[in-house]
RNA sequence: GUGGGCGUAGCUCAGCUGGUAGAGCACAGGAUUGUGGCUCCUGUGGCCGUGGGUUCGAGUCCCAUCGCCCACCCCA
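Residue numbers (this note's numbering): 144 to 565.
Structure representation (structure tokens):
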């Protein structure tokens, strides 16, 4: 048997309907805030990610799907979306358009990781970028869109946590401060943190080991070492968010694994998937585009893990998305089939999901089949009915049925009060 | 990359100290004329993850290998 590649998955119906619905909701909300989708290649030159995400990051150093094409060029399956957006911005001269530029994207990303719950090698992200605005208001808008989207999906208990990473100039100063404060405790840090000391000292802040956490508690937060400008910036963001009624929590030790972030960074964590399972992450990246050779264009954005988002979708939302019950159309006897299909066409065009019995089942077996589909209505088209251009419409929950003119079936089942109520 | 658990039907699993493969669910049909959900009957469906070894005989024991799951790590 040929099996799917490790870390990839088959999203089958009806689960796939959740995805379609989540994506539709994203388009609806994002578009409402002026964001249009940008569709980008799934593969990019490897260098793009090395220079943007950062050579020292885990993503670049050990998680990329990198390969050579037939001409020996090094290509990489995109591990995230922002780098591609930045590349496309420069390459397509998007700097010529009125700013700020509002873009969204969704699609598969690839990281070579060890499989685990909520973690896949091919996973989908739904993301959004606001380019060309460096103000706190820009950050607030992006977080507002995020919040609005999550709320539209029925999440009311998710907490957005944010932090101030400061500007790149502050970073080195902060690392000095941090190391200085940690030095007396260095021996007591866990093995991983010993390694992080040189490789990526900021990650020590993220350590889950209780003893490390305790040590880290006593250190000066990044945000306090950051430049006064960045502190004012993030404070303004927090202030405006609370004015909008959006709850955010300051997480002084929050750092992120991508090098391009500065100032405002944030995450949304789902308690259901565990303390450390991020369903959304994002932040500001004012140097990214210029670092890639473009002009000085600030940006901020986020990416939501669609797989994880769908996994933790509130029950009521799942029901709302999956709840649609079809109409089953049952032709009985010869000649009824085309009438059934013609009715199905009318129903489909009227926005009513209808499935036609095309395997030649008896009426009895057909009703059994309709029951298994959870059909709300069954339209029976038999010789008796067709002889007088009528159909029998049966409500599967009550068992009540009614004869009606064939012409009126689609209209009655679409939006009619009978179809609307349970 | 590190540590742990598990691989028998589409799914959930049973299969005792080795003796020619089972159940439930699901799926398909039926229980007479054109009416589902309950019940009953029947049917489809498995190189017991793969390869090797021990044995008269292996789903069962041994070795290897592949795959899956969970935790760490990291991230969406």
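Just so it is clear, CB atoms sit at the ideal spot from N, CA and C, and this is done for glycine as well.
Small disclaimer: the values here were computed from a predicted structure and weren't measured.
C-alpha gap between residue 279 and residue 186, whole angstroms: Locating residue 279 in the first chain gives position 136, where the first residue counts as 1. Locating residue 186 in the first chain gives position 43, where the first residue counts as 1. Between residue 279 and residue 186, the C-alpha separation is close to 33 Å.
Of the residues 550, 540, 271 and 519, the one placed nearest residue 532, counting alpha carbons only: If you number the first chain from 1, residue 532 lands on position 389. Out of 550, 540, 271 and 519, 550 has the C-alpha closest to the C-alpha of residue 532.
Residue burial classification, residue 235 (beta-carbon count within 10 angstroms, cutoff 16): Position 92 of the first chain holds residue 235. Result: exposed.
Leaving out five residues on either side along the sequence, give the residues of the same chain with a beta carbon under 7 Å from the beta carbon of residue 459. Walking along the first chain from the start, residue 459 turns up at place 316. In chain order, 297 place their CB closer than 7 Å to the CB of residue 459, counting only its own chain and leaving out the 5 sequence neighbours on each side.
Short check: CB of residue 366 to CB of residue 419, under 7 Å? Within the first chain, the letter at position 223 stands for residue 366. Within the first chain, the letter at position 276 stands for residue 419. No; because the gap between Cβ atoms is not below 7 Å, this pair is not in contact.
Kindly indicate which three-state DSSP category residue 427 falls into: helix, strand or coil? For the purposes of this step, residue 427 is taken as residue 284 along the first chain, with counting starting at 1. Strand at residue 427.
Taking buried to mean at least 16 other C-beta atoms within 10 Å of its own C-beta, is residue 347 buried or exposed? Taking the first chain and counting its residues from 1, one reaches residue 347 at position 204. Result: buried.
Is it right to say residue 390 is buried, meaning 16 or more other beta carbons lie within 10 angstroms of its own, or is it exposed? Counted from its first residue, the first chain places residue 390 at position 247. Using a 10 angstroms sphere on the CB of residue 390, the tally of other CB atoms stays under 16, which defines it as exposed.
For the alpha helix (DSSP H) containing residue 353, list its first residue and its last residue. Here the question's residue 353 lines up with position 210 in the first chain. In this chain, the alpha helix (DSSP H) harbouring residue 353 covers 353-360.
Which partner residues does residue 522 have in the DSSP bridge list? Walking along the first chain from the start, residue 522 turns up at place 379. Beta-bridge partners of residue 522 (DSSP): 472 and 536.
For residue 219 and residue 192, believed in contact at Cβ under 8 Å, the rounded distance: As a working mapping, residue 192 is identified with position 49 in the first chain. As a working mapping, residue 219 is identified with position 76 in the first chain. Confirmed, Cβ separation roughly 6 Å.
Any idea what DSSP makes of residue 151, helix, strand or coil? Position 8 of the first chain, counted from the first residue, corresponds to residue 151. It is coil, neither helix nor strand.
Write down the C-beta distance between residue 422 and residue 393 rounded to the nearest angstrom, noting that I regard them as a contact closer than 8 Å. Taking the first chain and counting its residues from 1, one reaches residue 422 at position 279. Taking the first chain and counting its residues from 1, one reaches residue 393 at position 250. Residue 422 to residue 393, Cβ: 19 Å. No contact.
Kindly indicate which three-state DSSP category residue 561 falls into: helix, strand or coil? Stepping through the first chain from its first residue, residue 561 is reached at position 418. Here the model assigns residue 561 a pLDDT of 47, short of 50, so the residue's position is not dependable, and the following value carries that caveat. Here DSSP, grouped into helix, strand and coil, assigns residue 561 to helix.
Straight-line Cα distance separating residue 442 from residue 216: The residue labelled residue 216 in the question sits at position 73 within the first chain. The residue labelled residue 442 in the question sits at position 299 within the first chain. For residue 216 and residue 442, the distance between alpha carbons rounds to 29 Å.
Drop a sphere of 10 angstroms on the beta-carbon of residue 169, count the other beta-carbons inside from all chains shown, and report buried for 16 or more, exposed for fewer. Numbered from its first residue, the first chain carries residue 169 at position 26. Burial check for residue 169: the Cβ neighbour count within 10 Å reaches 16 or more, so the residue is buried.
Span of the beta strand (DSSP E) holding residue 265? Taking the first chain and counting its residues from 1, one reaches residue 265 at position 122. Run containing residue 265: 265-274, per the beta strand (DSSP E) assignment.
On the DSSP bridge list, what partners appear for residue 179? Taking the first residue of the first chain as 1, we reach residue 179 at position 36. In the DSSP assignment, residue 179 forms a beta bridge with 246.
Entirely enclosed alpha helix (DSSP H) segments - the segment 170-242, minimum 4 residues: At a cut-off of 4 residues, the continuous stretches assigned as alpha helix (DSSP H) that sit fully inside the segment 170-242 are 189-195, 201-205 and 225-234.
Endpoints, alpha helix (DSSP H) assigned at residue 487: Working through the first chain from its first residue, we reach residue 487 at position 344. Where residue 487 is concerned, the enclosing alpha helix (DSSP H) stretches over 479-492.
Straight-line CA distance for residue 538 to residue 481? Indexing the first chain from 1 puts residue 538 at position 395. Indexing the first chain from 1 puts residue 481 at position 338. Taking the straight line joining both Cα atoms gives about 23 Å.
Below 7 Å between beta carbons: does that hold for residue 534 and residue 552? As a working note, residue 534 is residue 391 in the first chain. As a working note, residue 552 is residue 409 in the first chain. For residue 534 and residue 552, yes; Cβs fall inside 7 Å.
Let me know the secondary structure DSSP gives residue 440 once reduced to three states. Numbered from 1 along the first chain, position 297 holds the residue referred to as residue 440. Reduced to three states, the DSSP call for residue 440 is coil.
Return the CA-CA distance between residue 352 and residue 345, expressed in angstroms with no decimal places. For the purposes of this step, residue 352 is identified with residue 209 of the first chain, where counting begins at 1. For the purposes of this step, residue 345 is identified with residue 202 of the first chain, where counting begins at 1. Pairing residue 352 with residue 345, the inter-Cα distance amounts to about 15 Å.
Just the Cα atoms here: how many angstroms apart are residue 432 and residue 502? On the first chain, position 289 is the one that residue 432 refers to. On the first chain, position 359 is the one that residue 502 refers to. A straight line joining the alpha-carbon of residue 432 with that of residue 502 spans about 58 Å.
What residues match up with residue 547 in a beta bridge as DSSP calls it? Residue mapping note: residue 547 aligns to position 404 of the first chain, counting from 1. The beta-bridge partner set that DSSP reports for residue 547 consists of 534.
Distance, residue 490 Cα to residue 166 Cα: The residue you call residue 166 lines up with position 23 of the first chain. The residue you call residue 490 lines up with position 347 of the first chain. The alpha-carbon atoms of residue 166 and residue 490 are separated by roughly 25 Å.
Quick one: which unbroken alpha helix (DSSP H) runs of 4-plus residues sit fully inside the segment 292-379? Chain order, please. The segment 292-379 is shown to contain whole alpha helix (DSSP H) runs of 4 or more residues at 311-325, 334-342, 353-360 and 365-368, in chain order.
If you draw a straight line from the C-alpha of residue 439 to the C-alpha of residue 239, how long is it? Here residue 439 refers to the residue found at position 296 when the first chain is read from its first residue. Here residue 239 refers to the residue found at position 96 when the first chain is read from its first residue. Going from the Cα of residue 439 to the Cα of residue 239 covers about 13 Å.
Short check: CB of residue 495 to CB of residue 557, under 7 Å? Translated into the one-based positions of the first chain, residue 495 becomes position 352. Translated into the one-based positions of the first chain, residue 557 becomes position 414. Yes.
Tell me whether residue 448 sits in a helix, a strand or coil according to DSSP, three-state version. The count along the first chain starts at 1 and reaches residue 448 at position 305. In the structure shown, residue 448 falls within a strand segment according to DSSP collapsed to helix, strand and coil.
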